[in-house]
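Residue numbers (the numbering used here), protein chains in the order written: chain A, 355 to 455; chain B, 355 to 455.
For each residue, glycine too, the CB sits at the ideal point set by N, CA and C.
This one's a predicted model, so the numbers in the text were calculated from it and none came from an experiment.
Notes follow once the structure below has been shown.
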């Protein structure tokens, strides 16, 4: 587990962290992945109790996936929806606009 | 979905990306999280087919979790083990040593 706790900034969720702190995190996750030596792994970061966040401080999990089984490593469920194309297009346009702000 | 494809560097897995490219990614994920406006969300990055990676290019998912249900957003299973304390201590020491290299 990789935590931002050594930073001066305390933040519960990722979007609350300054960019300069965020920039530091993935190079450290990379070091951890290499140290673990896992060929297959997941990097997971949870924001909010209902999104599986247990510790109220931004932190990243580097989780080795040793085998293609539900008995080890991260198991993922990802229910999908199929909204109408025009709804998707509208959402896409809305997000693009917000990203340009 | 946030991909590193606009970088000059193509990499399949996170630990293959140069630090300077990695540093760029989370500030972008933050922008996306803010644009989505989700209070609760997960950031997920998969490395390797058996670790749920479908596209062979480093990419991050920013996944809103609208409700505490298995019907929406990311659902996580995380089988844990309870190895003996001395095994954990040995692994901890080994990882620390590798991280200092």
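| Asked | Found |
| --- | --- |
| Can the beta-carbon of residue 412 of chain A be found closer than 8 Å to that of residue 395 of chain A? | no |
| Let me make sure I understand the geometry here. Which of A:447, A:421 and A:397 has the alpha-carbon closest to that of residue 439 of chain A? | A:447 |
| Closer than 8 Å by C-beta to residue 398 of chain A: which residues in its own chain qualify, once you throw out the five before and the five after it? Chain order, please. | 414, 415, 417 and 428 |
| What distance in whole Å lies between the Cβ atoms of residue 373 of chain A and residue 381 of chain B, which are believed to be in contact at a cut-off of 8 Å? | 4 Å |
| Quick one, which residues of the stretch 431-453 of chain A are near chain B if we go by CB-CB under 9 Å, in chain order? | 431, 432, 433, 435, 448, 449, 450, 451, 452 and 453 |
| Whose Cβ in chain B lies nearer than 8 Å to the Cβ of residue 429 of chain A? | 430, 431, 432 and 433 |
| Are any of the Cβ atoms in chain B nearer than 8 Å to that of residue 410 of chain A? | no |
| Quick check on residue 422 of chain B - is its C-beta less than 8 Å from some C-beta in chain D? | Among the chains of the structure shown, chain D does not appear; the protein chains present are A and B. |
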